[in-house]
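Counting in full-length UniProt numbering, the sequence shown runs from 1 upward without gaps.
Ideal Cβ positions, reconstructed from N, Cα and C, are used throughout, including at glycine.
Computed from a prediction, not measured in an experiment: that's the story for all the values here.
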Amino acid sequence: MPKRVLQGQIVSDKTDKTVTVLVERRVKHPLYGKIMRRSKKYHAHDEANEYKEGETVRIEEIAPISKTKTWKVIARVNTHATPEEVQAEA
Numbered sequence: 001m002p003k004r005v006l007q008g009q010i011v012s013d014k015t016d017k018t019v020t021v022l023v024e025r026r027v028k029h030p031l032y033g034k035i036m037r038r039s040k041k042y043h044a045h046d047e048a049n050e051y052k053e054g055e056t057v058r059i060e061e062i063a064p065i066s067k068t069k070t071w072k073v074i075a076r077v078n079t080h081a082t083p084e085e086v087q088a089e090a
């Protein structure tokens, strides 16, 4: 069975080697048809503590590491660059 991969935003990086990732999805109300946002938080393994709060990342399902950790961060999708960093690149 293929591993599930989700994308979300890191909302907490306070714990050692763990980040909390908020994953949002859109669902249609069964009766009224309105598109609603639903979200869920996942604890993901971050071995080197390299990912910070506010970054958008991809997480992959793995064998359980602890009671709540069954996901691992695999890639950074988007980093919030400061204006100084943008000027330095140009």
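Using DSSP with H/G/I as helix, E/B as strand and the rest coil, what is residue i?
i   : result
Y51 : coil
Y42 : strand
R4  : coil
A75 : strand
I need the straight-line Cα distance from residue i to residue j, nearest angstrom please.
i   : j   : result
K52 : R38 : 23 Å
A48 : D16 : 9 Å
G8  : G33 : 25 Å
Since residue i and residue j are thought to touch, with beta carbons under 8 Å apart, how far apart are those beta carbons, to the nearest angstrom?
i   : j   : result
A44 : V21 : 5 Å
For residue i versus residue j, is the C-beta distance shorter than 9 Å?
i   : j   : result
V5  : D46 : no
T23 : K3  : First, the amino acid is wrong: residue 23 is Val here, not Thr. The answer is no: Cβ separation not under 9 Å.
_With three or more C-beta pairs closer than 8 Å as the rule, is the stretch 53-67 touching the stretch 24-31?_
no
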